[in-house]
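Following: one structure in structure tokens, then a few remarks.
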Amino acid sequence: MMINSPQLTTPRLLLRPVQQTDAAAILQYRSDSEANQYQGWMPKSIDEVRAFIQKVAPAINEPETWYQLVILDGTTGELVGDVGIHFIDPEGFQAEVGCTLSKHQQGKGYATEALTATIDYLFGSLNKRRILTSIDPRNTASIQLVERLNFRKEGHFKESIFFKGEWVDDVVYAMLSHEWNH
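1222 is the number of the first residue of the sequence shown in this note's numbering; add one for each residue after it.
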């Protein structure tokens, strides 16, 4: 079921669909190996970012696609990060979320704010039943973030993902719509 692309607002942020004009800003924070040590995608060129943006689903809520929102500072308009949404199943009941912030924007509560707005939208407007996230267990900041949002740990998979030349663990957290208290 195709839905118009959303613009989500929070007290400090604006989340909107990614655009080609965002490519330079995305390259700047996504190519930072320190900030993105647990990310699967770390672009090396502006062309790689443009190709990534081109592959993003054109509309939100298309089964078996990824949709990307960028996070903008509501006051300055600066692009500070992004939220990826994976519409997992053909029936449309589940979604996976992930969030990336520029290292200069971390620790300000932006990820909490952006994910809260995204979860509200997924459960409220799109009627998702379950939202999950997959995290490298070494990424303690992300684990603390999702636990603050009341995600529940569902599984710890030992050496289940081949990532940057090594087998690493994967931890899955999830939440059902009736568990969301926001």
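Beta carbons are placed, not taken as given, at the ideal position from N, Cα and C, and that holds for glycine.
When rounded, the separation of the alpha-carbon atoms in T1339 and E1387 is 32 Å. Three or more Cβ pairs closer than 8 Å define a contact, and the segment 1343-1355 meets that threshold against the segment 1308-1322. Contact annotation, L1300 with L1293: C-beta distance approximately 6 Å; criterion of less than 8 Å satisfied.
Judged by DSSP in its simplified three-state form, G1298 adopts coil rather than helix or strand. As the crow flies, the alpha-carbon of N1371 is around 11 Å from that of I1352. Counting the other Cβ atoms within 10 Å of the Cβ of T1321 gives 16 or more, which makes it buried. Contact check for G1302 against Q1275 fails: the beta carbons are separated by 8 Å or more. Y1394 is not a Cβ neighbour of T1333, given a cutoff of 8 Å. Taken in chain order, the unbroken stretches of alpha helix (DSSP H) that lie wholly in the segment 1305-1380 and span 4 residues or more are 1331-1345, 1361-1369. Distance check between T1297 and each of S1398, R1233, S1363, E1375 places R1233 closest, using alpha-carbon atoms only.
The C-beta separation of V1318 from I1306 comes to about 6 Å, placing the pair in contact by the 8 Å criterion.
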